[in-house]
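Student: Chains as they are written, first to last, in the UniProt record's numbering: chain E, 1 to 377; chain F, 1 to 377. All C-beta atoms, glycine included, are put in the ideal place defined by N, C-alpha and C. Nothing here was measured: the structure is a model prediction, and the numbers come from that model. One structure follows; several queries about it will come next.
2 protein chains.
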Amino acid sequence: MATSLRHFAGLGYFPAAASSSGFTCFLRRDTPNFCAFVALRPIRPPAATVTAKASASPSTVEQHVQAVPSHSGDSSPASSAAAVPAPLRVGIVGFGNFGQFIAGGVQRQGHTVLAASRSDYSTYCAQHGIGFFRSVDALCEEQLDVLLICSSILSTEGVVRAIPFHRLRPDTIVADVLSVKEFPRNLLLEVLPPGFGIICTHPMFGPESGKHGWGKLPFVFDKVRVAEDGDQAAKCDQFLSIFEQEGCRMVEMSCAEHDRYAAGSQFITHTIGRVLSQLNLKSTPINTKGYETLLQLTKNTVSDSFDLYYGLFMYNINATEQLDNLEMSFEKVRQMLSGRLHEFIRKQIVERAAPVPADPSGKLANGLSSSPAARLL
Amino acid sequence: MATSLRHFAGLGYFPAAASSSGFTCFLRRDTPNFCAFVALRPIRPPAATVTAKASASPSTVEQHVQAVPSHSGDSSPASSAAAVPAPLRVGIVGFGNFGQFIAGGVQRQGHTVLAASRSDYSTYCAQHGIGFFRSVDALCEEQLDVLLICSSILSTEGVVRAIPFHRLRPDTIVADVLSVKEFPRNLLLEVLPPGFGIICTHPMFGPESGKHGWGKLPFVFDKVRVAEDGDQAAKCDQFLSIFEQEGCRMVEMSCAEHDRYAAGSQFITHTIGRVLSQLNLKSTPINTKGYETLLQLTKNTVSDSFDLYYGLFMYNINATEQLDNLEMSFEKVRQMLSGRLHEFIRKQIVERAAPVPADPSGKLANGLSSSPAARLL
Numbered sequence: 001m002a003t004s005l006r007h008f009a010g011l012g013y014f015p016a017a018a019s020s021s022g023f024t025c026f027l028r029r030d031t032p033n034f035c036a037f038v039a040l041r042p043i044r045p046p047a048a049t050v051t052a053k054a055s056a057s058p059s060t061v062e063q064h065v066q067a068v069p070s071h072s073g074d075s076s077p078a079s080s081a082a083a084v085p086a087p088l089r090v091g092i093v094g095f096g097n098f099g100q101f102i103a104g105g106v107q108r109q110g111h112t113v114l115a116a117s118r119s120d121y122s123t124y125c126a127q128h129g130i131g132f133f134r135s136v137d138a139l140c141e142e143q144l145d146v147l148l149i150c151s152s153i154l155s156t157e158g159v160v161r162a163i164p165f166h167r168l169r170p171d172t173i174v175a176d177v178l179s180v181k182e183f184p185r186n187l188l189l190e191v192l193p194p195g196f197g198i199i200c201t202h203p204m205f206g207p208e209s210g211k212h213g214w215g216k217l218p219f220v221f222d223k224v225r226v227a228e229d230g231d232q233a234a235k236c237d238q239f240l241s242i243f244e245q246e247g248c249r250m251v252e253m254s255c256a257e258h259d260r261y262a263a264g265s266q267f268i269t270h271t272i273g274r275v276l277s278q279l280n281l282k283s284t285p286i287n288t289k290g291y292e293t294l295l296q297l298t299k300n301t302v303s304d305s306f307d308l309y310y311g312l313f314m315y316n317i318n319a320t321e322q323l324d325n326l327e328m329s330f331e332k333v334r335q336m337l338s339g340r341l342h343e344f345i346r347k348q349i350v351e352r353a354a355p356v357p358a359d360p361s362g363k364l365a366n367g368l369s370s371s372p373a374a375r376l377l
Numbered sequence: 001m002a003t004s005l006r007h008f009a010g011l012g013y014f015p016a017a018a019s020s021s022g023f024t025c026f027l028r029r030d031t032p033n034f035c036a037f038v039a040l041r042p043i044r045p046p047a048a049t050v051t052a053k054a055s056a057s058p059s060t061v062e063q064h065v066q067a068v069p070s071h072s073g074d075s076s077p078a079s080s081a082a083a084v085p086a087p088l089r090v091g092i093v094g095f096g097n098f099g100q101f102i103a104g105g106v107q108r109q110g111h112t113v114l115a116a117s118r119s120d121y122s123t124y125c126a127q128h129g130i131g132f133f134r135s136v137d138a139l140c141e142e143q144l145d146v147l148l149i150c151s152s153i154l155s156t157e158g159v160v161r162a163i164p165f166h167r168l169r170p171d172t173i174v175a176d177v178l179s180v181k182e183f184p185r186n187l188l189l190e191v192l193p194p195g196f197g198i199i200c201t202h203p204m205f206g207p208e209s210g211k212h213g214w215g216k217l218p219f220v221f222d223k224v225r226v227a228e229d230g231d232q233a234a235k236c237d238q239f240l241s242i243f244e245q246e247g248c249r250m251v252e253m254s255c256a257e258h259d260r261y262a263a264g265s266q267f268i269t270h271t272i273g274r275v276l277s278q279l280n281l282k283s284t285p286i287n288t289k290g291y292e293t294l295l296q297l298t299k300n301t302v303s304d305s306f307d308l309y310y311g312l313f314m315y316n317i318n319a320t321e322q323l324d325n326l327e328m329s330f331e332k333v334r335q336m337l338s339g340r341l342h343e344f345i346r347k348q349i350v351e352r353a354a355p356v357p358a359d360p361s362g363k364l365a366n367g368l369s370s371s372p373a374a375r376l377l
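What follows is the structure, encoded as structure tokens:
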């Protein structure tokens, strides 16, 4: 978990077993060369095996999991008809505010949600019909169709490296919802066994901006690695349709493109909010509408953790450039102001024309002294 | 006009004639000592004199001025009854976008608007029932109750110094609408003859934010110098009632207090808009709500002239401090980011733990090189 990913960069690190399979795999765009055309493992193990595995560690499964519908399996009328696909079994790792928020949409679209967290969310899950597990190991035994990583940016590497992939079905789709995309894309491509699907997503909203529904809110996704044979592609579309059905504006773009756009928009927005929060702005009796939008922006920004902001900076390769651009813009505005001020003062000295009015203390309106000595500075 | 105002600072500069009158004058707060208890000139000259003056320069008055109701005078039934005050005659100097915008409210409240500008607004004024004059001299002959300065911050000193006060009624109220307040307050106190009333106002909205009405929008005012005898006080209240009746949130505060609040709110807002405009932000396919408010703020800011922004800086004694605070806040955020980054890299070097993932070029996600040499920097 704590090993540098760069030890793997550019290396063919897949187990020999994976390439010995006879399955054909068609992989989509944005797949590094070393991943292309690697065979998928056999999908969907027999239902009997599933039950055995699930019952192997009963102590980690909360009682109320019984209320959660079990996987329908290949033999269910729905999947055999192939017209109405069976609901997905979506496992969520990291079940804080954002994980719970996303779980709501998944459930509204009729899918089963199971969640794992070190924190105890058993009461919340019992109230919401969600299967809760205290360990990711137990969750991974649950024959998931999709494993959705909802951890923070900073903890994601540790979370992903701790997933016991051998307990998952070998065609499981792993998806993330981070606000940066190249980082989880590279991480998942490096860590996941080759049969697993990878969908990198960014729901560009949260519990606050999406509290009145997800209609028209942007949902970015990149099908980083989805096999076209088997039913991985269909399940991928089924998973994405959750957000489509909730009314999101679906935006398919590469992770790299997302990070370029996000650094110039989301990261800048968070930076402005963070800078303003340092100013400790207060509401005044004479707020303009523009000022009120800044107060609201500041409030929204600081309601997110500094860790999120740091993650947006640290894990987006474009963020440093944007921060530099912002600093240069600030400097440019200062120069424009001081340039005009200098011009004004120079006119006063050289042409002795159009001075600013002085207050009784002898200071000009801009705080400069109007004394003859100061005028010579 | 080009003479420094500091030549007058602290000096008793009123004409001897003014102090020789027997009139008593009660002046309100914020009046400098040298203005207190100075007698007012006799008010409201005979109607015959008015007519003679108005006809003295017919060439400067547009034809359609005939359509504007003439002043009712003291003998009108309305003013003699004292229950329903006669409509005010409001002269506006500087008739650009903002002057026209304010004129709309004045007219809606049943008052007469007359305007003067070097630019030709005769067609606009004819269409809107406004008397238009090509010279301030001609406007000042029109027996105005209120002379409203709607010039830009930068041109106001020149405009005020060019007003032929001797052509105005000696109890005329002079008001301004600038976004800075100490500057026009001091200027008007220095330049205006002592009998003139002074109301400094700041309607904290404009043609854009007030396009759907002025309801609940803040209107700041300071009755800088209003005589309590005669009818100046009543006319002052009548003038302010225009904005009250339009639904504004009336905020009475001193000019100094306004400038302190405005530097920390309006000036900061304009500065953020100006800084972002230098970044040349574009709408992206993945705008968050927060980013969209910044795009809108930037658009609104640059729709105002740079001269306005420069005026907010130059003519508000508190602006420099706020600009410094903003710069320090930006620096603080940078330090927080680089501090965390440094901590992370240090852990990598010293503890060789939890590095960031590398892309194929060997660069860390944050743009730093992961090469051993770079790690020693």
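How close, in whole Å, do the beta carbons of E/Thr156 and E/Pro184 come, if the pair is a contact with beta carbons under 8 Å?
Tutor: With 8 Å as the limit, E/Thr156 and E/Pro184 qualify as a contact, their Cβ atoms being about 6 Å apart.
Student: How big is the Cα-Cα spacing for F/Ser4 and E/Gly339?
Tutor: Summary for F/Ser4: the model assigns pLDDT 36, below 50, so the residue's position carries little reliability, and this model does not support an answer.
Student: Count the other CB atoms, across all protein chains shown, that sit within 10 Å of the CB of E/Ser303; report buried if there are 16 or more and exposed otherwise.
Tutor: Its Cβ having fewer than 16 others within 10 Å, E/Ser303 is exposed.
Student: What separation, rounded to the nearest whole angstrom, lies between the Cα atoms of E/Gly110 and E/Ala319?
Tutor: Those two C-alpha atoms are separated by around 38 Å.
Student: So is E/Phe221 in contact with chain A if we call contact Cβ pairs under 8 Å?
Tutor: Among the protein chains in the structure shown, which are E and F, there is no chain A.
Student: What are the residues of the stretch 285-301 of chain F that lie near chain E, defined by any Cβ-Cβ distance shorter than 8 Å?
Tutor: Flagged, chain order: Pro285, Ile286, Asn287, Thr288, Lys289, Gly290, Tyr291, Thr293, Leu294, Gln296, Leu297, Asn300, Thr301.
Student: Taking only runs of the beta strand (DSSP E) that begin and end inside the stretch 191-255 of chain E, which ones reach a length of at least 3 residues, in chain order?
Tutor: Segments of the beta strand (DSSP E) lying fully in the stretch 191-255 of chain E: 197-203, 218-225, 249-252.
Student: Just to confirm, is the Cβ distance from F/Leu217 to F/Met204 under 8 Å?
Tutor: The answer is yes: Cβ separation under 8 Å.
Student: Counting pairs of beta carbons, one from the stretch 166-183 of chain E and one from the stretch 221-240 of chain E, are three or more of them closer than 8 Å?
Tutor: Cβ pair count under 8 Å is three or more, so yes.
Student: Using the C-alpha atoms, what's the distance from F/Asn325 back to F/Ser75?
Tutor: Residue placement at F/Ser75 cannot be trusted, given a pLDDT of 43 that sits under 50; what the coordinates show is reported in the next sentence. Near 58 Å, if we compare the C-alpha coordinates of F/Asn325 and F/Ser75.
Student: Taking Cβ to Cβ, would you say F/Phe196 is nearer than 8 Å to F/Cys150?
Tutor: Against a cut-off of 8 Å, the Cβ pair of F/Cys150 and F/Phe196 comes out as no contact.
Student: What did DSSP end up calling E/Leu148 once you bin it into helix, strand or coil?
Tutor: Correct three-state label for E/Leu148: strand.
Student: So, does the stretch 239-250 of chain E touch the stretch 291-308 of chain E, judging by three or more C-beta pairs under 8 Å?
Tutor: Short answer: they don't touch.
Student: So which of F/His166, F/Leu276, F/Ile130, F/Val136 has the shortest CA-CA distance to E/Glu331?
Tutor: The shortest C-alpha separation from E/Glu331 is found at F/Leu276.
Student: Could you tell me whether the Cβ of E/Phe14 comes closer than 8 Å to any Cβ of chain F?
Tutor: For E/Phe14, the predicted model reports a pLDDT of 35, less than 50, meaning its position is unreliable and no value from the coordinates is stated.
Student: How would you list, in chain order, the residues of chain E whose beta-carbon sits under 9 Å from the beta-carbon of F/Lys216?
Tutor: Here the premise fails: no neighbours, minimum Cβ distance about 10 Å.
Student: In whole angstroms, what is the alpha-carbon distance linking F/Thr298 and F/Gly91?
Tutor: Distance between the alpha carbons of F/Thr298 and F/Gly91 is about 34 Å.
Student: In the structure shown, what three-state DSSP assignment does E/Ile173 receive?
Tutor: The answer is strand: DSSP assigns E/Ile173 an E or B state.
Student: Smallest Cα separation from E/Ala86: which of E/Ser329, E/Leu281, E/Glu343, E/Thr112?
Tutor: That would be E/Thr112, whose Cα lies nearest to the Cα of E/Ala86.
Student: Return helix, strand or coil for residue 378 of chain E, following the three-state DSSP convention.
Tutor: No answer is possible for residue 378 of chain E: it lies beyond the span of chain E, which begins at 1 and ends at 377.
Student: Three or more C-beta pairs closer than 8 Å, one from the stretch 239-247 of chain E and one from the stretch 126-142 of chain E: is that the case here?
Tutor: Too few Cβ pairs lie closer than 8 Å, so no.
Student: With 8 Å set as the bound, which would you pick, yes or no: does the beta-carbon of F/Leu178 sit closer than that to a beta-carbon of chain E?
Tutor: Closer than 8 Å: no.
Student: Looking at C-alpha atoms only, which residue of F/Ile102, F/Phe344, F/Glu327, F/Ser122 is the closest neighbour of F/Gly210?
Tutor: Of F/Ile102, F/Phe344, F/Glu327, F/Ser122, the residue nearest in Cα terms is F/Ile102.
Student: When the distance is taken between beta carbons, is E/Leu323 closer than 8 Å to E/Thr269?
Tutor: Their beta carbons are not under 8 Å apart, which means E/Thr269 does not touch E/Leu323 by this criterion.
Student: Express the C-alpha separation of E/Arg260 and E/Gln100 in angstroms, rounding to a whole number.
Tutor: Rounded to the nearest angstrom, the two C-alpha atoms are 28 Å apart.
Student: Let me check understanding here. Comparing Cα to Cα, which of F/Pro164, F/Cys140, F/Val177, F/Leu337 lies closest to F/Leu154?
Tutor: F/Leu154 has its Cα closest to that of F/Val177, out of F/Pro164, F/Cys140, F/Val177, F/Leu337.
Student: Helix, strand or coil for E/Leu178, going by three-state DSSP, please let me know.
Tutor: The answer is coil: DSSP assigns E/Leu178 none of H, G, I, E or B.
Student: Take the Cβ of F/Ser117 as the centre, count every other Cβ of all protein chains shown within 10 Å, and call the residue buried at 16 or more, exposed below.
Tutor: Label assigned to F/Ser117: buried.
Student: Leaving out five residues before and five after F/Asp145 in sequence, what residues of the same chain have Cβ atoms less than 6 Å from its Cβ?
Tutor: Result list for F/Asp145: Leu88, Arg89, Lys235, in chain order.
Student: Got a sec: is the Cβ-Cβ distance from E/Arg225 to anything in chain F below 8 Å?
Tutor: No, no contact with chain F.
Student: Residues of chain F with CB under 7 Å from E/Ile272, in chain order?
Tutor: The answer, in chain order, is Ile272, Leu294.
Student: Can you confirm whether F/His258, when its beta carbon is compared against all beta carbons of chain E, has any partner nearer than 8 Å?
Tutor: Yes, its Cβ sits closer than 8 Å to a Cβ of chain E.
Student: Report the option in E/Glu208, E/Val160, E/His166 whose CA atom is closest to the CA atom of E/Glu190.
Tutor: The option with the nearest alpha carbon to E/Glu190 is E/Val160.
Student: Exposed or buried, what is F/Gly158 when buried is set at 16 or more other beta-carbons lying within 10 Å of its beta-carbon?
Tutor: Exposed, because fewer than 16 other Cβ atoms sit within 10 Å of the Cβ of F/Gly158.
Student: Tell me the start and end of each unbroken beta strand (DSSP E) in the stretch 278-343 of chain F that is at least 3 residues and wholly inside, in chain order.
Tutor: Runs found: none.
Student: I'd like the span of the beta strand (DSSP E) that includes F/Leu114, first residue to last.
Tutor: Where F/Leu114 is concerned, the enclosing beta strand (DSSP E) stretches over 112-116.
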